[in-house]
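Q:
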Amino acid sequence: MLETRGLCKSFGALEVARDVNFRLERGARHALIGPNGAGKTTFVNLLTGVLPPSRGSVLLEGEDVTALAQARRVKRGIARTFQINQLFRGLSVFENVAIAVSERLGTGGAMWRAVGRRADVIEETMRLVRMLRLDVDAGRRVAELPYGRQRLVEIAIALGLNPRVLLLDEPAAGIPSTESHILLDAIATLPKDIAVLIIEHDMDLVFRFADRITVLVSGAILAEGTPAEIAANPEVRTVYLGSALDG
Amino acid sequence: MKAASDFAQRHRLRWWEALPWLAGIGAFFVFPNYLAFGTQVLITILFALSLDLVLGYAGIVTLGHAAFFGAGAYTVGMLAAHAGWTEPLSGLLAAAVVAGAIGLVSGFVLLRTHGLTLLMLTLCTMTLLEQAANMGAAWTGGFDGMPGLSFQKILGVFGFDTLYFRTQYLYVLALLFAAFVLVRTLIFSSFGQSLTGIRENLLRMHAVGAPVRSRLIVAYAISAALAGLAGGLFTQATGYVNLAVLGLERAAGVMIILILGGYGRLYGAFVGAVAYMLLEHVLAKAYPTAWQLGLGITLITVALFARNGVIGIFDSLRRRLAGKTRGSAL
Numbered sequence: 000m001l002e003t004r005g006l007c008k009s010f011g012a013l014e015v016a017r018d019v020n021f022r023l024e025r026g027a028r029h030a031l032i033g034p035n036g037a038g039k040t041t042f043v044n045l046l047t048g049v050l051p052p053s054r055g056s057v058l059l060e061g062e063d064v065t066a067l068a069q070a071r072r073v074k075r076g077i078a079r080t081f082q083i084n085q086l087f088r089g090l091s092v093f094e095n096v097a098i099a100v101s102e103r104l105g106t107g108g109a110m111w112r113a114v115g116r117r118a119d120v121i122e123e124t125m126r127l128v129r130m131l132r133l134d135v136d137a138g139r140r141v142a143e144l145p146y147g148r149q150r151l152v153e154i155a156i157a158l159g160l161n162p163r164v165l166l167l168d169e170p171a172a173g174i175p176s177t178e179s180h181i182l183l184d185a186i187a188t189l190p191k192d193i194a195v196l197i198i199e200h201d202m203d204l205v206f207r208f209a210d211r212i213t214v215l216v217s218g219a220i221l222a223e224g225t226p227a228e229i230a231a232n233p234e235v236r237t238v239y240l241g242s243a244l245d246g
Numbered sequence: 000m001k002a003a004s005d006f007a008q009r010h011r012l013r014w015w016e017a018l019p020w021l022a023g024i025g026a027f028f029v030f031p032n033y034l035a036f037g038t039q040v041l042i043t044i045l046f047a048l049s050l051d052l053v054l055g056y057a058g059i060v061t062l063g064h065a066a067f068f069g070a071g072a073y074t075v076g077m078l079a080a081h082a083g084w085t086e087p088l089s090g091l092l093a094a095a096v097v098a099g100a101i102g103l104v105s106g107f108v109l110l111r112t113h114g115l116t117l118l119m120l121t122l123c124t125m126t127l128l129e130q131a132a133n134m135g136a137a138w139t140g141g142f143d144g145m146p147g148l149s150f151q152k153i154l155g156v157f158g159f160d161t162l163y164f165r166t167q168y169l170y171v172l173a174l175l176f177a178a179f180v181l182v183r184t185l186i187f188s189s190f191g192q193s194l195t196g197i198r199e200n201l202l203r204m205h206a207v208g209a210p211v212r213s214r215l216i217v218a219y220a221i222s223a224a225l226a227g228l229a230g231g232l233f234t235q236a237t238g239y240v241n242l243a244v245l246g247l248e249r250a251a252g253v254m255i256i257l258i259l260g261g262y263g264r265l266y267g268a269f270v271g272a273v274a275y276m277l278l279e280h281v282l283a284k285a286y287p288t289a290w291q292l293g294l295g296i297t298l299i300t301v302a303l304f305a306r307n308g309v310i311g312i313f314d315s316l317r318r319r320l321a322g323k324t325r326g327s328a329l
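Line by line, the protein sequences give chains A and B. Per numbering that gives the first Met the number 0, the first sequence runs over residues 0 to 246. Per numbering that gives the first Met the number 0, the second sequence runs over residues 0 to 329.
1) From this set, L45/B, L109/B, G261/B and V240/B, which residue's C-alpha is nearest E129/B's C-alpha?
2) Sort T124/B, G308/B, R198/B and I310/B by Cα distance to A250/B and report the nearest one.
3) Could you say if the segment 181 to 190 of chain B and the segment 102 to 113 of chain A meet the contact criterion of at least three C-beta pairs nearer than 8 Å?
4) Where does I101/B fall in DSSP's three states?
5) On a Cα-Cα basis, can you pick out the residue from A177/B, L245/B, R11/B and Q235/B that is closest to R116/A?
6) Report the neighbours of K74/A on chain B: residues whose CB is nearer than 7 Å to its CB, in chain order.
7) In terms of residue numbering, what span does the alpha helix (DSSP H) encompassing L282/B cover?
8) For K8/A, report the span of its beta strand (DSSP E) as first-last.
9) Within 10 angstroms of the Cβ of T324/B, are there 16 or more other Cβ atoms? Answer buried if so, exposed if not.
10) If contact means a Cβ-Cβ distance below 7 Å, which residues of the segment 77 to 91 of chain A contact chain B?
11) Quick check for students: name the residue ranges of the beta strand (DSSP E) that lie wholly in the segment 168 to 203 of chain A, counting only runs of 3 or more.
12) Considering only the beta carbon of each residue, do G114/B and V171/B sit closer than 8 Å?
13) Using a Cβ-Cβ distance cut-off of 8 Å, determine whether D134/A contacts chain B.
14) Drop a sphere of 10 angstroms on the beta-carbon of F30/B, count the other beta-carbons inside from all chains shown, and report buried for 16 or more, exposed for fewer.
15) Is DSSP giving M145/B helix, strand or coil here?
16) Pull the bridge partners of I32/A from the DSSP assignment, please.
17) Could you spell out where the alpha helix (DSSP H) holding S213/B opens and where it closes?
18) Note down, in chain order, every chain B residue with its Cβ under 8 Å from the Cβ of T106/A.
19) At the 8 Å Cβ level, is R112/A part of the contact set with chain B, yes or no?
20) Whole-angstrom Cβ separation of T80/A and E153/A, contact assumed at under 8 Å?
21) At a CB-CB cut-off below 7 Å, which residues of chain A make contact with A1/B?
22) Where DSSP assigns a beta bridge to V164/A, which residues make up the other side?
23) What does D63/A pair with, by DSSP beta-bridge criteria?
24) Do G218/A and G11/A come within 8 Å of each other at the CB atom, strictly closer than that value?
25) Name the residue from L21/B, V207/B, F107/B and R214/B whose alpha carbon lies nearest to the alpha carbon of M194/B.
26) Is Y146/A buried or exposed, if buried means 16 or more other CB atoms sit within 10 Å of its CB?
27) Can you tell which of T166/B, F269/B, M145/B and A26/B has the C-alpha that lies nearest to the C-alpha of G155/B?
28) Could you work out which residues of chain A lie near G7/B, taking near to mean beta carbons separated by less than 7 Å?
29) Can you tell me which of T300/B, I153/B and I42/B puts its alpha carbon nearest to the alpha carbon of S89/B?
30) Confirm, please, whether the CB-CB distance from G106/B to I216/B is below 8 Å.
31) Do you know offhand how far F42/A's Cα is from V57/A's?
32) So, for A223/B: in the same chain, excluding its five sequence neighbours on each side, which residues have a beta-carbon less than 7 Å away from its beta-carbon?
33) State buried or exposed for N32/B, treating a residue as buried only when at least 16 other CB atoms are found within 10 Å of its CB.
34) If we define contact as Cβ-Cβ less than 8 Å, is F10/A a contact residue for chain B?
35) Report whether the distance from the Cβ of T65/A to the nearest heavy atom of the ligand NAP is below 7 Å.
36) Buried or exposed: E62/A, going by 16 or more other Cβ atoms within 10 Å of its Cβ?
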């Protein structure tokens, strides 16, 4: 569904993506792991069009989207969350999600009809707010919410775009462990044909969620396989997981 | 879900929204000798409202909005002086179209930038137009401007009243109302919501697939057209136009008015313009040599203690009262 071919990115002499050949299959539950500074977020930025690659290409369902701007890629079904929350902090939770829903429904530029009259926007926003169990906070300004609750708003916005490919950059960071199941529940309710790529440091979550794992080290793919294969890979254990899986 | 019903109803008219218009009509009868001043206040409200659309809602920081006010003012002036086009409503339409076109073209170039760069470029655009008006004396009257302009009756019925400004006052009030309805409609539409989103978080708006730049350019052009309308009204109401319509003083003044009233609040333009111009008027009468000192102290006080302007003070009072009511109900 989403593929990169020979993807490279350099900032001067610093290579942050090195010849990355990656495939995200339709309906995949794929995790991208790697130590800090491995280039995971840069990779997401390359996939979404925030950064242009130095070389290589990004393909969505076989079509080259490398030259497309971020907004155009979103329209084609690539949605993301950010490692650090990127929300409309002065607006309510409901408004945050409604903005995404309006854009997805193609009504974001409509000038003459009040957005409050758009039943389709309101109903879809309500569904997402409920799905992420944000009902009690729906009327509150996002800036007033605890960080963990804000993470759920990030995910509600991404889901509001009804993506075909969903890229979640450390979605559980900052979410209390007692609430991380909300995140997994929300992902579990997604249609099976949506491909989800998750970048996460929480190995418990990664191994519960993913059916395939890619390990990125210094901008290059070190290993890829099923969770069992990755857990058994001696290189991965040495370079990244260390003793985490020994215990 | 309460948030959903609030969202669905927020565009509905509230009773107090009639107050500014009732006050505007009331002032016509109560202060018949101050209608020239009142006309200037109404024109300033319209100008501030146009700025609020871009500065308050879309977050476009501009210090050159008088460029569009001036473009509208000179369009009406030059059409009347050189083409004999003195029909008022079509003159205003031309003013709005010319200013809007300048907004569209300059926005296309300028809105690639942000922050201080954008601020400087908007200022430069205004200065360029000001110098063009100064140098094109054959068309614009140069430094002296174009005095003694006269216009046909509005709709062929209502003649301009150069002594008491009765016609001008009602004419400007009616057009301000029409412009306000337009801005209010835009603000509560999906388009307005997306402008607020751009102001709040540009990165996120790109990531939800919004065509950010084109939305900003459209908002900028609409705002420019409204500022041009205000400028055109200024020329028609006063019968003259000169370089002051394009100056930094006017551009900075309208920004101060918006900050004083409260930007991004729709009615901030009304409160700010009335408060600023009344204060200026009263202080200039009371202290002819040092009135700007009083104005400066007032503005510093507002900037320090009422960041969201006068409307913000009312908002926080209302929230406190609502909180107390809820508390006692519980």
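From the three backbone atoms N, C-alpha and C, an ideal C-beta is built for every residue, glycine too.
A: To lay it out plainly:
1) Stepping through the second sequence from its first residue, residue 129/B is reached at position 130. Nearest C-alpha to E129/B: V240/B.
2) As a working mapping, residue 250/B is identified with position 251 in the second sequence. Nearest option by C-alpha distance: T124/B.
3) yes
4) Mapped onto the second sequence, residue 101/B falls at position 102. Helix, per DSSP.
5) Taking the first sequence and counting its residues from 1, one reaches residue 116/A at position 117. Checked all of A177/B, L245/B, R11/B and Q235/B; the closest Cα to R116/A is R11/B.
6) Position 75 of the first sequence, counted from the start, is the residue given in the question as residue 74/A. Ordered by position in chain B, the residues that pass the 7 Å Cβ test against K74/A are G208.
7) Numbered from 1 along the second sequence, position 283 holds the residue referred to as residue 282/B. First-last of the alpha helix (DSSP H) with L282/B: G267 to A285.
8) As a first step, residue 8/A must be located in the first sequence, where it is residue number 9. From DSSP, the beta strand (DSSP E) with K8/A extends over L1 to F10.
9) Position 325 of the second sequence holds residue 324/B. Its pLDDT being 45, under 50, T324/B is placed unreliably in this model, and the value from its coordinates should be taken loosely. That one is exposed.
10) R79, Q85, L86, F87, R88, G89, L90 and S91
11) 194 to 198
12) Within the second sequence, residue 114/B is the residue found at index 115, counting from 1. Within the second sequence, residue 171/B is the residue found at index 172, counting from 1. Their beta carbons are not under 8 Å apart, which means G114/B does not touch V171/B by this criterion.
13) Locating residue 134/A in the first sequence gives position 135, where the first residue counts as 1. Interface residue, yes.
14) Taking the first residue of the second sequence as 1, we reach residue 30/B at position 31. Per the 10 Å Cβ criterion, exposed.
15) Residue numbering aside, residue 145/B sits at position 146 when the second sequence is read from its first letter. Three-state DSSP puts M145/B in a strand.
16) Taking the first sequence and counting its residues from 1, the one referred to as residue 32/A is at position 33. Answer by DSSP bridge pairing, in chain order: V214/A.
17) For the purposes of this step, residue 213/B is identified with residue 214 of the second sequence, where counting begins at 1. Here the alpha helix (DSSP H) through S213/B covers V211 to T237.
18) As a working note, residue 106/A is residue 107 in the first sequence. Chain B residues near T106/A: S189.
19) The residue you call residue 112/A lines up with position 113 of the first sequence. Taking Cβ atoms only, chain B reaches closer than 8 Å to R112/A, which makes this a yes.
20) Indexing the first sequence from 1 puts residue 80/A at position 81. Indexing the first sequence from 1 puts residue 153/A at position 154. The pair is a contact, with the Cβ atoms about 4 Å apart (cut-off 8 Å).
21) As a position in the second sequence, residue 1/B is number 2, starting the count at 1. Residue 1/B is actually Lys in this sequence, not Ala. What K1/B touches in chain A: G138.
22) As a first step, residue 164/A is located in the first sequence; it is residue number 165 there, counting from the start. DSSP lists I77/A and A194/A as partners of V164/A.
23) Taking the first residue of the first sequence as position 1, residue 63/A is located at position 64. For D63/A, which the question treats as bridged, DSSP gives the partners L58/A.
24) Locating residue 11/A in the first sequence gives position 12, counting from the first residue. Locating residue 218/A in the first sequence gives position 219, counting from the first residue. Taking 8 Å as the Cβ cut-off, G11/A and G218/A do not qualify as a contacting pair.
25) Stepping through the second sequence from its first residue, residue 194/B is reached at position 195. For the record, residue 194/B in the displayed sequence is Leu; it is not Met. For L194/B, the nearest C-alpha among the options comes from R214/B.
26) Taking the first sequence and counting its residues from 1, the one referred to as residue 146/A is at position 147. Exposed, because fewer than 16 other Cβ atoms sit within 10 Å of the Cβ of Y146/A.
27) Sequence index remark: in the second sequence, residue 155/B carries index 156 (1-based). It is T166/B whose Cα lies nearest to the Cα of G155/B.
28) By one-based count along the second sequence, residue 7/B stands at place 8. First, the residue type needs correcting, since residue 7/B is Ala and not Gly in the sequence shown. Neighbours of A7/B on chain A, chain order: G115 and I121.
29) Counting from 1 along the second sequence, the entry for residue 89/B is found at position 90. Considering only alpha carbons, the answer is I153/B.
30) For this step, residue 216/B is matched to residue 217 along the second sequence. For this step, residue 106/B is matched to residue 107 along the second sequence. Yes, these two residues count as a Cβ contact at 8 Å.
31) In the first sequence, counting from the first residue as 1, residue 42/A sits at position 43. In the first sequence, counting from the first residue as 1, residue 57/A sits at position 58. Distance between the alpha carbons of F42/A and V57/A: 11 Å.
32) The sequence position of residue 223/B within the second sequence is 224, counting from 1. Answer for A223/B: F67, A98, G99, I101 and G102, listed in chain order.
33) Sequence index remark: in the second sequence, residue 32/B carries index 33 (1-based). Exposed.
34) Position 11 of the first sequence, counted from the start, is the residue given in the question as residue 10/A. Closer than 8 Å: no.
35) The ligand NAP is not part of this structure, which contains no ligands at all.
36) Taking the first sequence and counting its residues from 1, one reaches residue 62/A at position 63. So E62/A counts as exposed.
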